[in-house]
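Notes follow the structure.
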Amino acid sequence: MENSKGGVRYPGWVLVAEIFGIILSLSGLYCGVSVVLMPEIVDFQSKIMPQMMEAVAKNMPDEKEKGNISKSQFNAEEFSLIFKPVSAGLTGERAGFKRWCYTSGGLLVLISGLYLFSSIMFFQLKKRSITWFIISLSAMCLYSGVNFVFLMFSGSIIGIGFAAGSIISFALNGVLLLVVCFSYKSGFEDNSDL
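To convert, take the position in the sequence shown, counting from 1, and add 18; that gives the working numbering.
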C-alpha cells in the first residue's frame with residue numbers, strides 16, 4: 019500500500035487503532051506497575067500514620083479556638099486507631115491481597131507489553147501484525163473482564179476502585195477490538211514474519 023510519493027498510505031481506521039492501542043497499552047503498563055506496588059504503598063502509609071498524627075497534635079493550639087479542638091482534647095494514638103479499620107477496609111486485610119496484587123499486576127504488565135509490541139508492529143500493515151493486535155486486544159479484554167469480577171467480590175474499597183478501572187478498560191479495548199475486527203480489509207501484505 020504505497021501512495022503516489024512512494025510512502026506508505028495508512029487507512030484512517032489503522033491510524034486511530036494504532037494511536038489508541040499505544041495509549042491504552044502504556045496506560046495498562048502504568049496501572050500494572052501501580053498494582054504491583056500497592057501492598058508496599060499501603061504498608062508505608064500505615065507505618066507513617068501515627069507519626070503524622072503526632073505532628074498534627076504538635077501543631078494544634080493549646081486552648082480551644084473557634085470550632086477547633088485543643089491539644090488536651092486530641093489524642094494522637096486514639097486518632098490513629100481510627101485509621102486502622104480504614105486501612106483494613108481498603109485492603110480487605112486478607113492474606114490474598116498481596117498475592118493478588120503481584121499476580122494481577124504482573125499479568126497486566128505482560129499483557130500490556132504484548133499490546134504495546136503489537137500496536138507498534140501494527141504500523142507495518144502486515145497480516146501477522148493485525149493478528150497479533152487482535153490477540154493482544156482480546157487478551158486485554160479477557161483480563162479486564164476477569165479482573166472486574168474478581169475485584170467486585172474482593173470486599174475491599176481499593177478492589178472496588180480498581181474494578182471501576184477494569185470495566186472502563188474492558189469497554190475501551192472492546193470498542194477498539196470491534197472497530198479493528200469490522201474495519202479489517204484484506205489490504206494487508208501476506209508476510210508471515212511473525
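Each residue gets a CB set at the ideal place from its N, CA and C atoms; glycine is no exception.
Reference residue i; option with closest CA among the options
i      : options                        : result
Ile40  : Ser130, Ile148, Met67, Lys145  : Ser130
Asp61  : Phe38, Leu143, Ile37, Phe115   : Phe115
Ser57  : Ile176, Tyr133, Ile148, Lys144 : The amino acid occupying residue 57 in the given sequence is Pro; Ser does not appear at that position. Ranking Ile176, Tyr133, Ile148, Lys144 by Cα distance to Pro57 puts Ile176 first.
Asn191 : Leu160, Ile59, Ser147          : Leu160
Val124 : Ser172, Leu47, Lys144          : Correcting the residue identity first, residue 124 is Gly in this sequence and not Val. Of the candidates Ser172, Leu47, Lys144, the one whose C-alpha sits nearest the C-alpha of Gly124 is Leu47.
Ala157 : Gly183, Glu36, Ser43, Leu33    : Ser43
Lys144 : Gln69, Ser172, Ser52, Tyr202   : Tyr202
Ser172 : Cys199, Ile37, Arg117          : Arg117
Leu33  : Gly183, Ile148, Gln63, Ala182  : Ile148
Glu36  : Val167, Phe135, Phe180, Ile186 : Phe135
Integer Cβ distance of residue i from residue j, believed to fall under 8 Å
i      : j      : result
Asn165 : Ser122 : 6 Å
Phe188 : Ser162 : 4 Å
Leu133 : Val54  : The sequence as given places Tyr at residue 133; Leu does not occur at that position. Contact doesn't hold; Cβ gap of about 17 Å is too wide.
Phe141 : Phe151 : At roughly 10 Å, the Cβ-Cβ gap does not stay under 8 Å, so Phe141 and Phe151 are not in contact.
Cys49  : Leu128 : That belief does not hold up - the Cβ atoms of Cys49 and Leu128 are roughly 13 Å apart, past 8 Å.
Val197 : Trp31  : 6 Å
Leu195 : Ser184 : About 16 Å; that fails the 8 Å criterion.
Residue i (DSSP reduced to helix, strand or coil)
i      : result
Ser172 : coil
Pro29  : coil
Tyr120 : helix
Tyr161 : helix
Tyr133 : helix
Tyr48  : helix
Met19  : Its pLDDT being 47, under 50, Met19 is placed unreliably in this model, and the value from its coordinates should be taken loosely. If DSSP states are grouped into helix, strand and coil, Met19 belongs with coil.
Cutoff 8 Å: residue i Cβ touching any chain B Cβ
i      : result
Tyr202 : Among the protein chains of the structure shown there is no chain B, as only one such chain exists.
Distance cut-off 7 Å: residue i Cβ against heavy atoms of the ligand HEM
i      : result
Gly177 : Of the ligands one can find in the structure shown there are none, so the ligand HEM has no counterpart to examine.
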